[in-house]
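Asks: Below you will find the structure I want to go over with you.
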DNA sequence: CGGTGGATTGATGAGCATCAAACGATGTGG
DNA sequence: CCACATCGTTTGATGCTCATCAATCCACCG
């Protein structure tokens, strides 16, 4: 099981730079900075290599994280190894924030990744005196809930093609630079995010390519050529 | 579409009493009381008939609710009428709490239902001065997120039988009285919650019945006779 | 330039959806 | 009070979507 999901640890960083810098501070995506900046908390940086675990499911939630560069997947496993990825975390995104003492999903670096982190306890403490911080923590969790609710609709009711179209539009929104997106994750990750197999994901992408809706520059660099038609497929 | 989902409005209350009283105040389930009691907010009561809409998707979130008696479904629709129910709300449960100004799922009474409600604005105001209230609102949203994360795993990766087993154990935990559960919702609701058709739900229940894992007293009154075997099926 | 992990493509089949009909329970009107 | 209408549930027959198994293919890296 672990074997099935664990690919080549100890590999060097890919030479093509995938995953950009952290989002500018104006944006909704840098929710974390709004806290640490405001309260003047000490934020440390730490790096993880590709496929390295950041924390495990049900592990004590000692830290809260923010992606600086790289990408992270949060997931749950069934006992036989089936995996559901609940979210991808990209530069600027906070993750690992819990209102209870344990993490509910595991987290791994998808590629070499640098994070900023603060102790959960210090955030809790700040929230206990500063109501603005408390409000911000709630907003982060509420944002994750919104994503999860949208994703339940996708997993429960959308067809394979609709799921892939939704995924492409989400990634386009979140990480496209100059109309091109550089996906940090492999087809298996995408499948485990969308509740599909990697083969089904690949077939859907090939079909969209054949219809001219997207273009490839290598399997992980995708250009959307017709967002309107993707929106239609999205249902 | 609306037609497909709307069944017999204006029907009388069922004579079998389904859905119990509100949970005692000690419990984790009465999260709402902990707030309204603490802050001394004015909570009104209101009733909805079976299948009546409480609020629609993307409607302004003016109130926050708590089920007193009855049951509520929260759901999203695709444009062609496919529906995903994100959660069932039972007596004691809060619902409709948002950190943004609009509801992201619609809510309907499953059976005749009474709710307690408070204005969202007054909760926000209380949270602005009382950090305990702010903490409680966060905890409610975090609890909903946890449920959604578990449900994503179910929708993305579990088989039909595993989904039904998980559902039965959830409902057993939440509404069983004296070993018996009186389900307020129909097979279609269960299917739309589990990402299945009503026929598949019915077949799974029949199979569990044939194996002696559960007993029926009418389609909606179920007794679990072997929770251990259900847990095994749950994967 | 060869090696390796990831991606694509193909062949086949299983699980669940769909379509259809019968059954059952609940409430109504004669 | 019983026959009937109605809505919900069960059960059956069939087919489609997507999973599985398998074989290249391709990009990236040493």
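Residue numbers (the UniProt record's numbering), protein chains in the order written: chain A, 1 to 235; chain B, 1 to 235.
Yeah, the Cβ is synthetic: ideal placement off N, Cα and C, and Gly gets one too.
Which residues share a DSSP beta bridge with residue 66/B?
Replies: Per DSSP, 94/B, 116/B.
Asks: From the DSSP output, which residues share a beta bridge with residue 84/A?
Replies: BP columns for residue 84/A point to 76/A.
Asks: Determine the contact status of residue 103/B and residue 55/B, defining contact as a CB-CB distance below 7 Å.
Replies: It is a contact, given that the beta carbons lie within the stated cut-off.
Asks: Where do the ends of the alpha helix (DSSP H) carrying residue 103/B lie?
Replies: Per DSSP, residue 103/B belongs to no alpha helix (DSSP H) and is neither H nor E.
Asks: Can you tell me where the beta strand (DSSP E) holding residue 202/A begins and where it ends?
Replies: No beta strand (DSSP E) contains residue 202/A, which is instead part of the alpha helix (DSSP H) from 198-210.
Asks: Residue 223/B lies in the beta strand (DSSP E); which residues open and close that run?
Replies: First-last of the beta strand (DSSP E) with residue 223/B: 221-224.
Asks: Please say whether residue 138/A and residue 202/B have beta carbons closer to each other than 7 Å?
Replies: Their beta carbons are not under 7 Å apart, which means residue 202/B does not touch residue 138/A by this criterion.
Asks: How about residue 110/A and residue 163/A: are their beta carbons less than 7 Å apart?
Replies: Contact flag unset, no.
Asks: Among the candidates 232/B, 213/B, 219/B, 233/B, whose CA atom is the shortest distance from the CA of residue 226/B?
Replies: Considering only alpha carbons, the answer is 213/B.
Asks: Would you kindly work out how many angstroms separate the C-alpha atoms of residue 40/B and residue 233/A, rounded to a whole number?
Replies: Their Cα atoms are separated by approximately 50 Å.
Asks: Leaving out the 5 sequence neighbours to the left and right, which residues in its chain are closer than 7 Å to residue 235/B when beta-carbon positions are compared?
Replies: Taken in chain order, the residues that qualify are 158, 162.
Asks: Helix, strand or coil for residue 235/B per DSSP?
Replies: Here residue 235/B sits in coil by DSSP.
Asks: Which residue's Cα is closest to the Cα of residue 97/A: 172/A, 204/A, 82/A, 32/A?
Replies: The shortest C-alpha separation from residue 97/A is found at 32/A.
Asks: Go ahead and pull the three-state DSSP assignment for residue 217/B.
Replies: Note: residue 217/B maps to coil in three-state DSSP.
Asks: Taking the alpha-carbon of residue 43/A as reference, which of 190/A, 123/A, 209/A has the nearest alpha-carbon?
Replies: Out of 190/A, 123/A, 209/A, 123/A has the C-alpha closest to the C-alpha of residue 43/A.
Asks: Please name the residue, chosen from 95/A, 166/A, 180/A, 223/A, that lies closest to residue 105/A on a Cα-to-Cα basis.
Replies: It is 95/A.
Asks: Answer yes or no: do residue 116/A and residue 68/A have a C-beta to C-beta separation smaller than 7 Å?
Replies: Yes, the Cβ-Cβ distance between residue 116/A and residue 68/A is below 7 Å.
Asks: Do you know whose CA, among 210/A, 223/A, 155/A, 140/A, lies nearest residue 181/A's CA?
Replies: For residue 181/A, the nearest C-alpha among the options comes from 223/A.
Asks: Would you say residue 235/A faces chain B, with C-beta separation under 7 Å as the test?
Replies: Cβ-Cβ to chain B under 7 Å: yes for residue 235/A.
Asks: List the residues of chain B that residue 93/A touches, going by C-beta distances under 8 Å, in chain order.
Replies: The premise fails here: residue 93/A is roughly 15 Å from chain B at the closest Cβ pair, so nothing lies under 8 Å.
Asks: DSSP beta-bridge partners for residue 60/B?
Replies: For residue 60/B, which the question treats as bridged, DSSP gives the partners 102/B.
Asks: Starting from the Cα of residue 88/A, find the closest Cα among 177/A, 215/A, 144/A, 199/A and give me that residue.
Replies: Comparing Cα positions, the closest option is 144/A.
Asks: Pull out every residue of the region 146-171 of chain A whose Cβ sits closer than 7 Å to any Cβ of chain B, in chain order.
Replies: Cβ contacts with chain B come from 146, 148, 149, 151, 152, 153, 155, 156, 157.
Asks: Compare the C-beta of residue 5/A against all C-beta atoms of chain B and say whether one is closer than 7 Å.
Replies: Its pLDDT being 27, under 50, residue 5/A is placed unreliably by the model, and nothing is read from it.
Asks: With distances taken between CB atoms, is the gap from residue 142/A to residue 141/B smaller than 7 Å?
Replies: Going by C-beta atoms, residue 142/A is nearer than 7 Å to residue 141/B.
Asks: Answer with buried or exposed for residue 167/B, where buried requires no fewer than 16 other C-beta atoms within 10 angstroms of its C-beta.
Replies: So residue 167/B counts as buried.
Asks: Would you verify that the beta carbon of residue 99/A is, or is not, closer than 7 Å to some beta carbon of chain B?
Replies: For residue 99/A, the answer is yes, since a Cβ of chain B falls inside 7 Å of its Cβ.
Asks: Exposed or buried, which one is residue 249/B when buried takes at least 16 other CB atoms within 10 Å?
Replies: Given that chain B is displayed from residue 1 to residue 235, the structure contains no residue 249/B and the question cannot be resolved.
Asks: For a cutoff of 7 Å on Cβ pairs, would you count residue 67/A as touching chain B?
Replies: Taking Cβ atoms only, chain B never reaches closer than 7 Å to residue 67/A, which makes this a no.
Asks: On the DSSP bridge list, what partners appear for residue 109/A?
Replies: According to DSSP, which records beta bridges pairwise, residue 109/A is partnered with 72/A.
Asks: Please return the same chain residues whose Cβ sits closer than 7 Å to the Cβ of residue 60/B, not counting the five positions on each side in sequence.
Replies: Cβ within range, chain order: 101, 102.
Asks: For the region 111-136 of chain B, which residues have a CB atom closer than 8 Å to at least one CB atom of chain A, in sequence order?
Replies: Against chain A - using a Cβ distance shorter than 8 Å - the residues of the region 111-136 of chain B are 127, 128, 129, 131, 134, 135.
Asks: So what's residue 185/A in DSSP terms, helix, strand or just coil?
Replies: Correct three-state label for residue 185/A: coil.
Asks: If you draw a straight line from the C-alpha of residue 49/B to the C-alpha of residue 91/B, how long is it?
Replies: Each residue's Cα considered, the two are about 15 Å apart.
Asks: Please name the residue in 155/B, 216/B, 63/B, 134/B whose C-alpha comes closest to that of residue 118/B.
Replies: Checking every option, the nearest Cα to that of residue 118/B belongs to 63/B.
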